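Sequential numbering of the sequence shown, starting at 0, is according to numbering that gives the first Met the number 0.
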Amino acid sequence: MSNREDLLELARLIRRLEAETENASISILSHENRDEIAGALTEGLGGSAAVQTSSGEYANHLAIIRMGANKYTIAQDWREVYISEINYCPCRIPPGSHGLLVYHIDYPGVIYDVSRILADNQINISKLNVSREQKGKNALLVSITDEEISSEVAAAIETLPQITKVFSLK
Numbered sequence: 000m001s002n003r004e005d006l007l008e009l010a011r012l013i014r015r016l017e018a019e020t021e022n023a024s025i026s027i028l029s030h031e032n033r034d035e036i037a038g039a040l041t042e043g044l045g046g047s048a049a050v051q052t053s054s055g056e057y058a059n060h061l062a063i064i065r066m067g068a069n070k071y072t073i074a075q076d077w078r079e080v081y082i083s084e085i086n087y088c089p090c091r092i093p094p095g096s097h098g099l100l101v102y103h104i105d106y107p108g109v110i111y112d113v114s115r116i117l118a119d120n121q122i123n124i125s126k127l128n129v130s131r132e133q134k135g136k137n138a139l140l141v142s143i144t145d146e147e148i149s150s151e152v153a154a155a156i157e158t159l160p161q162i163t164k165v166f167s168l169k
């Protein structure tokens, strides 16, 4: 059974990340607890989202949320509910996480550049994932940290070359 509070928190995070919240849609993939999942995600997104269900078999996936041009996959395993994919990029963002989403154009050294700024600010990385469409194209760095990311640290990372957008998870 999925945790309502965790689903609410993940949906609220997605709503905060998206400038355009109209025309949101939710595809429920889970066969169990569909109404609970749909209700929590809809509430977390602000109360208005078109909801549909799918009849396919999805191992751990609960739902897909589409907002604007972005797609977020919500999954659950034996430990927790989490965002498992943002667009084409696999990730693991559990509710309540501190960290960053760093959208950028793929370049050598992005991990070093971002982690250097975090280390200079005494921020410890607990998980790090980088995915890209293809070499030199759109990419996403997801850094889960032990500490909250200040707006000053996020702004410093956003000044790095080829960084297109930085979002703090909190």
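Ideal Cβ positions, reconstructed from N, Cα and C, are used throughout, including at glycine. All values derive from a computational prediction rather than experimental measurement.
- Distances from the alpha-carbon of T72 to those of I85, E79, M66 and R78 put I85 closest.
- For L7, the uninterrupted alpha helix (DSSP H) run begins and ends at R3 to L16, by DSSP.
- At a cut-off of 3 residues, the continuous stretches assigned as beta strand (DSSP E) that sit fully inside the segment 81-151 are 88-92, 97-104, 124-131 and 137-144.
- For L44, there is no enclosing alpha helix (DSSP H), as DSSP gives it neither H nor E.
- Taking 8 Å as the cut-off, the Cβ atoms of V50 and I82 do not count as close.
- If you draw a 10 Å sphere on the C-beta of G43, you find 16 or more other C-beta atoms in it, and that means buried.
- Per the DSSP secondary-structure output, A62 pairs in a beta bridge with I27 and I73.
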